[in-house]
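Enquirer: Dropping a structure here in structure tokens format, bear with me for questions.
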Amino acid sequence: MELTGLCSVCGRPGARYTCMLCGRLVCERCYDPVHRICVVCKGSKTL
Ligand SMILES: [Zn+2]
Ligand SMILES: [Zn+2]
Numbered sequence: 153m154e155l156t157g158l159c160s161v162c163g164r165p166g167a168r169y170t171c172m173l174c175g176r177l178v179c180e181r182c183y184d185p186v187h188r189i190c191v192v193c194k195g196s197k198t199l
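For the sequence shown, the positions run 153 to 199 when my numbering is used.
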């Protein structure tokens, strides 16, 4: 069992993506692979 860190958005373990805008470590649920940003940055920006 590997621990990759806690998601900075939802707080669940298993975060393995880094937002290229804010640098948060987030899980796949909170990450947009298209834009490579987290849902927080995605929500605060009109892309
Ligand atoms: Zn998350
Ligand atoms: Zn972000």
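Backbone N, C-alpha and C define an ideal beta-carbon position, used for all residues, glycine too.
What residues match up with Leu-158 in a beta bridge as DSSP calls it?
Expert: Stepping through the sequence shown from its first residue, residue 158 is reached at position 6. Leu-158 pairs with Pro-165.
Enquirer: What residues are listed by DSSP as bridge partners for Cys-190?
Expert: The residue given as residue 190 occupies position 38 in the sequence shown. Cys-190 is bridged to Tyr-183.
Enquirer: Any residue with its C-beta under 6 Å from a non-hydrogen atom of ligand 1 counts. Can you list them all in chain order?
Expert: The set, ordered by position in the chain, is Cys-159, Val-161, Cys-162, Arg-164, Val-178, Cys-179, Arg-181, Cys-182.
Enquirer: Between Val-191 and Thr-156, what straight-line distance do the alpha-carbon atoms span, to the nearest angstrom?
Expert: Translated into positions along the sequence shown, residue 191 becomes position 39. Translated into positions along the sequence shown, residue 156 becomes position 4. Cα to Cα, the separation comes out at about 19 Å.
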